[in-house]
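These protein sequence lines map, in sequence, to chains A and B. Sequential numbering from -1 applies to the first sequence in this note's numbering. Sequential numbering from 100 applies to the second sequence in this note's numbering. Data first, discussion second: the structure below is written as structure tokens.
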Amino acid sequence: METDKKFKQEIVQQTGTEVLTCIQCGTCSASCPTSHLMKPSIRRLIKLVLEGKKEEALDSCTIWLCTSCRLCNVRCPRGIRPKALVDALKNLCEREGRETGKDQAYEEIFLRFIKDYGRVSELPLSGEYIFIHPEAAVGAMRVGLELIQKGKLTLMRDKIKRTEEVKKIITELEKA
Amino acid sequence: MRLAYYPGCVSKSSGREMDISTKAVCSALGITLEELEDWNCCGATHVSNELTAVGLAVRNISQTDLPIMTSCSICYSNLRSALQRMDDPNIKSRVNDILGKEHEGAKIRHALDVILEVLQKKNSDFLVVSLKDLKVAPYYGCLMTRPKGVDSPEFPTIMEKLIKILNATPMEFRLKTFCCGGPIFMPQQEVAEDLAFMILSEAKNTEAEIIVTLCPLCHFMLDAKQKTLEIKRGDNIGLPVLYITQLVGIALGLGPMELGLELNSVSPFDIVERIYERHTKG
């Protein structure tokens, strides 16, 4: 596998240079609530990044199984933030327009809601996602219907007044 | 006490009872809440660009000079993270440039710690219904205490302190900071449900009568999805899941409607009756 120095540099910069001191102890993997499903583990994912193995790192399911619980950040004996590394990799997938599937689709819709409305409205958001990935409807249906009956979920889209400020934050700060 | 209030997006929908009970409890405790002007989404766990996430949080923070209170652990964690990242001069200058103003570095507070502070000072004035003998499983989830800086990020006890002030009994709950899977429940349903079901089963094992949560996403996974999980797993849980503000509200003598108790999926009304009965019997 070819080494990609630019890739490594970029991810390290976004994660924080502490990641260069990783001793591969595996505390992050041992702490992760979904590590049993990850391939490679979060420990090995860090190694792939440090070795500049871009394709292997970006193609893994690992980054999409992160629940953002931050336990790896809390426990790392080197003060590394593995969660930030996961985010940096997700962000790279987005910027390169990679088709990585349903997980990324959800993140994209979420961000678009913030950009357009400044806030997220659960029913329209889930609706858009289910429209693209209908298989999610099965699980969401029962809960969704109950919450609609209770009047908790509506089709209303909540919107802030100065959406242009939020749009500016997203478009300007997204620039690498 | 005067505080800026950051409700978070979910307060308008699936977390309405969180918002309703937060306002009712604060009003009963003499805390004045001023809703943050034109607040925006914190990005929850779905903004992969860290600078953007910081920018979204700081736009909210820069709207006020008052300490900012929220009832949502995700919003709370994101606002706190953003302030920690703003210690980096590069991040600070880029974010401030885009926002066109300097943020004043407001203090960020969770409703849990605000309520605890007030009740620790003068609880006898406020508590009218004793929660004596009520067995509570305190569920913190992940983000209340992460990033570091609030209580212990792995073995917190702040919620137990509050539960004891209310005269209830916090149960020893092994999975109290184990992740509920909420952030990935839409694309990774099975994975998230496994995590939530483990937490529910363990809460049941503690013999608690209710679970208390600090986060609308945890609440969604444990309360709204509980019935579905019971059917799928063929196991009976039957545990009402209250927001901490709902539990405190009951002890303050607020009525069920004032606390949005009818909005919970697993009905808490049997428990509420039990609380009143125990209270009347002394």
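We put the beta carbon where it would ideally sit given N, CA and C, even for glycine. These figures come from a predicted structure and were not determined experimentally.
Query, Result
"Helix, strand or coil at Tyr239 (chain B) [DSSP, three-state]", "coil"
"Backbone CA spacing between Cys241 (chain B) and Leu211 (chain B) [nearest angstrom]", "15 Å"
"Arg184 (chain B) to Met168 (chain B) span [Cα, whole Å]", "19 Å"
"Spatial neighbours of Leu123 (chain A) in its chain, beta-carbon cut-off 8 Å, leaving aside the 5 residues before and after", "Ile107, Phe108, Phe111"
"Which residues DSSP lists as bridging His209 (chain B), in chain order", "B:Thr169"
"According to DSSP, residues forming a beta bridge with Val311 (chain B)", "B:Pro237, B:Leu341"
"The region 244 to 262 of chain B in contact with the region 281 to 300 of chain B per 3-pair CB rule at 8 Å", "no"
"Straight-line gap, Gly114 (chain B) to Glu133 (chain B) (C-alpha atoms, nearest Å)", "19 Å"
"Buried versus exposed call for Cys125 (chain B) [16 or more other C-beta atoms within 10 Å across all chains shown]", "buried"
"Rounded separation between Ile9 (chain A) and Leu155 (chain B) - CA only", "22 Å"
"Close-in-space but distant-in-sequence residues of the same chain around Val217 (chain B) (CB under 6 Å, 5 per side omitted)", "Leu128"
"Distance between beta carbons of Lys206 (chain B) and Pro166 (chain B), contact taken as under 8 Å", "4 Å"
"Where the beta strand (DSSP E) containing Glu134 (chain B) begins and where it ends", "131 to 134"
"Amino acids of chain B, ordered along the chain, whose beta-carbon sits closer than 9 Å to that of Gly95 (chain A)", "Within chain B, no residue comes near Gly95 (chain A); the closest Cβ sits about 14 Å away, beyond 9 Å."
"Arg127 (chain A): first and last residue of the uninterrupted alpha helix (DSSP H) it sits in", "Here residue 127 (chain A) turns out to be Tyr, not Arg, going by the sequence shown. Where Tyr127 (chain A) is concerned, the enclosing alpha helix (DSSP H) stretches over 120 to 130."
"Close Cβ partners of Thr393 (chain B) (< 8 Å) along its chain, the five nearest in sequence each way excluded", "A query on residue 393 (chain B) cannot be resolved here, the shown segment of chain B reaching from 100 to 381 and no further."
"In DSSP terms, what Leu102 (chain B) is bridged to", "B:Leu132"
"Enclosing alpha helix (DSSP H) for Met139 (chain A) [first to last residue]", "135 to 147"
"Residue of B:Pro106, B:Asn159, B:Arg208, B:Lys220 minimising C-alpha distance to Glu201 (chain B)", "B:Asn159"
"Uninterrupted beta strand (DSSP E) stretches inside the region 244 to 317 of chain B (no shorter than 3 residues)", "309 to 312"
"Length of the line joining the Cα atoms of Lys52 (chain A) and Gly99 (chain A)", "18 Å"
"Whole-number beta carbon distance between Thr60 (chain A) and Leu43 (chain A), since they are thought to touch under 8 Å", "5 Å"
"Backbone secondary structure at Trp138 (chain B) - three-state DSSP", "coil"
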